[in-house]
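Student: The numbering of the sequence shown is the numbering used here, which starts it at 1 and goes up by one.
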Amino acid sequence: MSRQEEMPRHQSQGNTSETGYLTETSHALPVVTNEEHDLLRTLIDHLPDLIYIKDRDGRFVACNLANAQFKGFASPKELVGKSTFDTDPPELAERYRADDLMVMRSGQALLNREEPVVDASGTARWFSTTKVPWRDAAGNVMGVIGISRDITEWKRVEAALRESEEHFRLLVENLADAAWIRARQPDGSLPVTYVNPAYERIFGISAYEAYWSDDTWSGLIHPEDRPRVLEALHTFLEGRSPRYDVEYRIRRRDGSERWVWARAVPLHDAQGRLVRAVGITRDITDRKQAVEALATERNLLRALIDHMPDAIFIKDPEGRYILNNVASARLHGLASPDEAIGKSTFDLNPPELAERYRADDLWVMQSGQPLFDREEPVVYADGSVHWHATTKVPWRDAQGNIIGIVGIGRDITLWKETLAAREEQLRFEHLLADIFARFVAPPPHNFEQRVCQALGLIGDHLQVDCITLIELSPELNARAVYRWTAPGLSAPPFDPSSEHYPYAFARLRRGEVVRFSSLDELPDEAATDRESFRRVGDRSLLAVPIRSGDKLLGSISLSCLRSERSWPDELVQRMTLLGQVFLTALARWRADRALRESEQHFRLMADLTYDWELWIAPDGSIVYTSPSCQRITGYTPAEIVQDPDLVKRIIHPEDRERFAPHLERAPVPGDVQSIELRIIRRDGEVRWLGHICQPIYAEDGSWLGWRISNRDITDRKRAQAAQEELQAQLLQAQKMEAIGRLTAGIAHDFNNLLTVMNGFAELLKTSLPEDQPARTYADRILSAGRRASDLVGKLTAFSRRQALQLRVLDLNDILASNEAMLRQALGEDITLEILAAPDLWPVKADASQMEQVIFNLAVNARDAMPNGGWLTIETSNVTFPEARLVRGEIMPAGDYVRLLVRDTGCGMSREVMSHLFEPFYTTKPLGQGTGLGLATVYGIVRQSEGYIEVESAPGHGTTFLIYLPRTQEAVRATTARPGTGLLTPRGTETILVVEDEPAVRQLVIHALRHQGYRVLEADNAREALELVERHVGEIHLLLTDVVMPGMNGRELAHRVLAMRPNVKVIMMSGYAGDIIAGGDRVTPWGAWLQKPISVFELARTVRQVLDETEAHT
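#1: Quick one: any contact between the stretch 877-893 and the stretch 850-864, if contact means 3 or more CB pairs under 8 Å?
#2: From the DSSP output, read off the bridge partner residues of F372.
#3: Verify the contact flag: V897, CB atom, against every heavy atom of the ligand ATP, threshold strictly below 7 Å.
#4: Along the chain, which unbroken stretches of the alpha helix (DSSP H) at least 4 residues long are found entirely within the stretch 30-117?
#5: Quick check: the stretch 111-119 against the stretch 88-98, are at least 3 beta-carbon pairs closer than 8 Å?
#6: Straight-line CA distance for I873 to L899?
#7: Give the DSSP-derived three-state secondary structure of G690 in the structure shown.
#8: From F313 to E355, what distance separates their C-alpha atoms?
#9: Hey, would you say T345 sits closer than 8 Å to R330, going by beta carbons?
#10: Whole angstroms is fine: what's the gap from A956's alpha carbon to D655's?
#11: For F313, which three-state DSSP category applies?
#12: Find the nearest neighbour of L1008 within the set R276, D520 and G987, judged by alpha-carbon distance.
#13: Between which residues of its own chain and V393 is the CB-CB distance below 6 Å, once the five residues before and five after are set aside?
#14: In chain order, what are the residue ranges of uninterrupted beta strand (DSSP E) at least 3 long that sit wholly in the stretch 320-378?
#15: Measuring straight from C-alpha to C-alpha, what distance separates L764 and K1091?
#16: With F127 as the anchor, note down where its beta strand (DSSP E) starts and where it stops.
#17: Hey, S548 and S518: beta-carbon distance below 8 Å or not?
#18: Helix, strand or coil, according to DSSP, for E209 in the structure here?
#19: Classify R711 as buried or exposed, calling it buried when 16 or more other Cβ atoms lie within 10 Å of its own Cβ.
#20: In chain order, what residues of the same chain have a beta carbon less than 6 Å from the beta carbon of T485, not counting five sequence neighbours either side?
#21: Grab the span of the alpha helix (DSSP H) containing E1051 for me, first residue to last.
#22: Can you tell me whether L1098 is buried or exposed? The criterion is at least 16 other CB atoms within 10 Å of its CB, across all chains shown.
#23: Helix, strand or coil for K155, going by three-state DSSP, please let me know.
#24: Going by the CB atoms, is the gap between P965 and V1102 shorter than 8 Å?
#25: Rounding to the nearest angstrom, what Cα-Cα distance links P523 and T576 in this structure?
#26: State the start and end residues of the unbroken alpha helix (DSSP H) segment that holds Q1090.
#27: Below 8 Å, can you find three or more Cβ-Cβ pairs linking the stretch 991-999 to the stretch 1026-1039?
#28: Buried or exposed: E471, going by 16 or more other Cβ atoms within 10 Å of its Cβ?
#29: For the stretch 985-1064, list the alpha helix (DSSP H) runs that are entirely contained and at least 4 residues long, ordered along the chain.
#30: Need the endpoints of the beta strand (DSSP E) that L541 sits in, please.
#31: Beta-carbon separation of D254 and G204 under 8 Å?
#32: Please determine, among L190, T216 and D903, the residue with the shortest C-alpha to C-alpha distance to F236.
#33: Given this structure, state the Cα-to-Cα distance separating W1085 from E1108, to the nearest angstrom.
#34: Between which two residues does the beta strand (DSSP E) containing Y947 stretch?
#35: Would you mind reading off the limits of the alpha helix (DSSP H) that contains M891?
#36: Quick check on DSSP: helix, strand or coil for S621?
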């Protein structure tokens, strides 16, 4: 049941007509004539809502047709005089009667009561009911007026939505309402100790302004409401009232005035003392405004139809308008609906359309049947043609006689245009499929003819005069030109050279479209092109470049020779796709043709040199074998001729069933066998042969035997297997790269969220006393946030977007310093052997990241040896004179330091190894691994410009081989990094903060202002530049995000430094790839912060950058 709210008393009085329909007779409204009464009655009877009037005894005085039919009556007259107890179940009738009595006794409206209602069939449905007092001319309450709207479907949707919202309740924290908590302090006070984000949005103040003092909040309360609200609060907090429930107005700092409704419940301790109050504050401005609008509404029915976007009208039998709404009047160019009264369809519409409309009117009146959703054109007053879906139903009087028609027309122009666009898209897809089918298997001889035929299909589809397809060579010269011209047209010769079209070719090389509706649109610099276009007859043209990456492959153009036309953007996209199809097919055709020519040449040479030829007689004896048999099989020709069965015996046992049967029968026409099979040579080696067997006939057609050609294809089969392996490695590398990009994007978004969560948790913690229990909650939030940050760090490591602190390292030093921890992590059951190569070359890497690589591999090895085993970690120097292929990537030749990690564990299958470095992939039971360990190793090694190989087999352990490139720099001693503390330095300088994520920006601004800085803010680069230009004071520091819409942070920094050279710069990034992608730092004296940002690290970095001595000149 919805909450009841008060409503100002209606000033109009209602009465009933003899037939039981509603009218209004208030002196504040114009007198309703009989004609208008009939019109309003018709509209009421066509409304789906249940409308009724009851007297003080609860008997129906009047109702509309929908109400009567819902109760099972044929007309409103049958319901008049009956009470709710006559039409509804007793328990519901009692509830309805109670609401009626409350409205009549209080004189107040009951708005939007949600209640069950049972129809005549006994089906229960939900309705939203509004009841208002029915008063006579003297203001006495005579009964109630009610309107009920069926909300059954809405209730079902609402229930489903409520169930869905329950799953997210803990995440959203009452996004709609402001939630707040007051907690008793040692001094007995009950200040606000928590507010949710919605509190800041509703009141327009920050959370910290709401804490500990009511001054800011009470100052926002409307002066007229403040005493009442504060009294209600104090009464509640002092225990004199069991609840706090109050509505009041607030004036926010931006000048806006809002209505809010606040409720709170107390929480008591064991002694019954109020120790905490939990409350919500809801913005009810919209509801208040709706109530006020309802109170001032003079004519519900008139307002209803006048505010509907559909055109609504009623006509008499002669076709004259007797009612029109605003939408209907507006489309005819009339100032008000009254101007249409008395006019006919022929007065307001073109004759041909008026005839059609009148014919429909007559059909509805003569047949007595409704006409639903007639799609018809309508000419608006401005001359534009729209499409309407018009419904017309008979208008009947009380006796059921048809006295006109009621019509509703809905503008469906946009829907029609959308449908037409979809049909056009479908036609294009069919055209594209047709063209694809023509080039799936390019024919060797008539390919150019098929290209021209396909261009003709496009020309017919697009209704253009000419289509030109140009294929360019790598030197950007025209390799081939295919040109189609519409039948009946002749175009002058076309020379597609940059000499005749310099402007067009320049645009195409830049990947830009050449498009003009008329030659006059070409700029002055295209004078040569204009003359060339005029010479070949082009009046309108669209030329689209066809590219592969940055390489221009050719172009496809459409032109009109007989008229001018425009070229929409959708056509540009479609022609780009078609051009790609054509040039791809052309490239494939040329490659196929070259391959066929090469294969023919190779086959001739191979037949003369390498093939093993056999002629077998019909009786199975061998007539001839070529000398190549000894090279291929190891047996001499004499041995094979003398022992015919030897040929079958050298066939691999698994392939004999495919080889022998066809030799044991007479051939049939076209009987040619071509298979691949294996043989076993005399020395035991297995070789692959391409075997072709075909019958031999004499000139008279008699069968002479079989000719068999055997070609050694072992090398090809091995190459094919190797190629398949390389292809699998390439696909795996591409998949890893794609997953890397995905995880980098996820890390970027999560770091923004973690910045806000961790930052405000830090500020919350520092704002609480040491003995405050809430500090424990803040610590737990920070702990969870840091764990989430660690997880994001692993994601960024895999995606190779983690910022590395590179320095020259000796891997032996890393192993030595971590050996004790490694042995402790492995346990007593595993023997650790470290083989450190003397004079190990230095590498350039991040020491902490290399430690993580070693520990991740060691822990992975430990888990593979649950019963103990042997783990070997070895370093060595290796040199590769040639480039190598490692996991689908080219490892350049050169000097490398190899880190080998070998265990004697259970090993891995090929299936497991194919997914080894994928994030979240794990073979461990649920809950015993994140699947990020080896993914992190892979990311760190590749970001360090290294490579990783894996060797493993089930039951034979696993070996990881990591190759890091040698550096020529010498290892330098390292210094300890400064510790971090909770004390943060302050300042008074001016800082410009540019961040497009509102929550992050507000956190940074709040933290800096808390430290005493003056902060200027902007949510994008354009706004920041405008602020820098107009700010009269000094700006000491620019603190900007890297990735923003429009101009990025790096470009913004250069622009700001050009305007104010003394400004220092700090970059912020959701993931380090933003910085890495730039390839440089903004300035030699700048810095950058990796999100999620700690507010303490922010304060220290800002102070450090501001205090640095300028070293630039």
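The beta-carbon is built from N, C-alpha and C at its ideal position, and this holds for glycine as well.
Please read all numbers here as calculations on a predicted model, not as lab measurements.
Tutor: According to the structure data:
#1: No: the two stretches stay apart, fewer than three of their Cβ pairs being nearer than 8 Å.
#2: Locating residue 372 in the sequence shown gives position 372, where the first residue counts as 1. Answer by DSSP bridge pairing: none, since F372 is not bridged.
#3: This structure lacks the ligand ATP, and indeed carries no ligand of any kind.
#4: Correct list: 34-46, 65-70, 76-79, 84-87 and 90-106.
#5: With the cut-off at 8 Å, the stretch 88-98 and the stretch 111-119 touch.
#6: Along the sequence shown, one-based indexing puts residue 873 at 873. Along the sequence shown, one-based indexing puts residue 899 at 899. Those two C-alpha atoms are separated by around 7 Å.
#7: Here residue 690 refers to the residue found at position 690 when the sequence shown is read from its first residue. DSSP places G690 in the strand class (E or B) of the three-state scheme.
#8: Within the sequence shown, numbered from 1, the residue matching residue 313 stands at position 313. Within the sequence shown, numbered from 1, the residue matching residue 355 stands at position 355. Distance between F313 and E355, taken at the CA atoms: about 17 Å.
#9: Start at 1 with the first residue of the sequence shown, and residue 345 comes out as number 345. Start at 1 with the first residue of the sequence shown, and residue 330 comes out as number 330. Cβ distance not < 8 Å, so T345 and R330 don't count as in contact.
#10: Within the sequence shown, numbered from 1, the residue matching residue 956 stands at position 956. Within the sequence shown, numbered from 1, the residue matching residue 655 stands at position 655. The identity of residue 956 in the sequence shown is His, whereas the question assumes Ala. Spanning the two alpha carbons is a distance of roughly 33 Å.
#11: In the sequence shown, the residue the question calls residue 313 occupies position 313. In the structure shown, F313 sits in a strand (DSSP, three-state: E or B).
#12: Residue 1008 sits at position 1008 when you count from the first residue of the sequence shown. Comparing Cα positions, the closest option is G987.
#13: In the sequence shown, counting from the first residue as 1, residue 393 sits at position 393. The answer, listed in chain order, is P370 and V406.
#14: Assignment of beta strand (DSSP E) within the stretch 320-378, counting only whole runs of 3 or more residues, yields 321-324 in chain order.
#15: Here residue 764 refers to the residue found at position 764 when the sequence shown is read from its first residue. Here residue 1091 refers to the residue found at position 1091 when the sequence shown is read from its first residue. Roughly 19 Å between the two C-alpha positions.
#16: As a working mapping, residue 127 is identified with position 127 in the sequence shown. Unbroken beta strand (DSSP E) run through F127: A124 to R135.
#17: Against the sequence shown, residue 548 aligns to sequence position 548. Against the sequence shown, residue 518 aligns to sequence position 518. No Cβ-Cβ contact shorter than 8 Å links S548 with S518.
#18: For the purposes of this step, residue 209 is taken as the residue at position 209 of the sequence shown. The three-state secondary structure of E209, taken from DSSP, is helix.
#19: As a working note, residue 711 is residue 711 in the sequence shown. Around the Cβ of R711, a 10 Å sphere holds 16 or more other Cβ atoms; the residue is buried.
#20: Within the sequence shown, residue 485 is the residue found at index 485, counting from 1. Residues C466 and A491 of the same chain have their beta carbon placed closer than 6 Å to that of T485, with the five preceding and five following residues left out of the count.
#21: As a first step, residue 1051 must be located in the sequence shown, where it is residue number 1051. Residues G1049 to M1059.
#22: As a working note, residue 1098 is residue 1098 in the sequence shown. L1098 comes out buried.
#23: Counting from one through the sequence shown, the residue named residue 155 turns up at place 155. Correct three-state label for K155: helix.
#24: Along the sequence shown, read from residue 1 onward, the residue named residue 1102 stands at position 1102. Along the sequence shown, read from residue 1 onward, the residue named residue 965 stands at position 965. Contact check for V1102 against P965 fails: the beta carbons are separated by 8 Å or more.
#25: Position 523 of the sequence shown, counted from the first residue, corresponds to residue 523. Position 576 of the sequence shown, counted from the first residue, corresponds to residue 576. Using only the alpha carbons, I get a separation of about 24 Å.
#26: As a position in the sequence shown, residue 1090 is number 1090, starting the count at 1. No alpha helix (DSSP H) holds Q1090; the beta strand (DSSP E) holding it covers A1087 to Q1090.
#27: A contact exists between the stretch 991-999 and the stretch 1026-1039.
#28: As a first step, residue 471 is located in the sequence shown; it is residue number 471 there, counting from the start. E471 is classed as buried because its beta carbon has at least 16 other beta carbons within 10 Å across all chains shown.
#29: You should have 998-1010, 1021-1030 and 1049-1059.
#30: Within the sequence shown, residue 541 is the residue found at index 541, counting from 1. Per DSSP, the continuous beta strand (DSSP E) segment holding L541 begins and ends at S540 to S548.
#31: Counting from 1 along the sequence shown, the entry for residue 254 is found at position 254. Counting from 1 along the sequence shown, the entry for residue 204 is found at position 204. D254 places its beta carbon less than 8 Å from that of G204.
#32: Translated into positions along the sequence shown, residue 236 becomes position 236. F236 has its Cα closest to that of L190, out of L190, T216 and D903.
#33: Position 1085 of the sequence shown, counted from the start, is the residue given in the question as residue 1085. Position 1108 of the sequence shown, counted from the start, is the residue given in the question as residue 1108. Residue confidence is low: W1085 scores 45 on pLDDT, short of 50, so the model does not pin down where it sits. Its coordinate-derived value is still stated next. Whole-angstrom Cα-Cα distance: 8 Å.
#34: As a working note, residue 947 is residue 947 in the sequence shown. Here the beta strand (DSSP E) through Y947 covers Y947 to S952.
#35: Counting from one through the sequence shown, the residue named residue 891 turns up at place 891. DSSP places M891 in no alpha helix (DSSP H) but in the uninterrupted beta strand (DSSP E) bounded by E889 to M891.
#36: As a first step, residue 621 is located in the sequence shown; it is residue number 621 there, counting from the start. Three-state DSSP puts S621 in coil, outside helix and strand.
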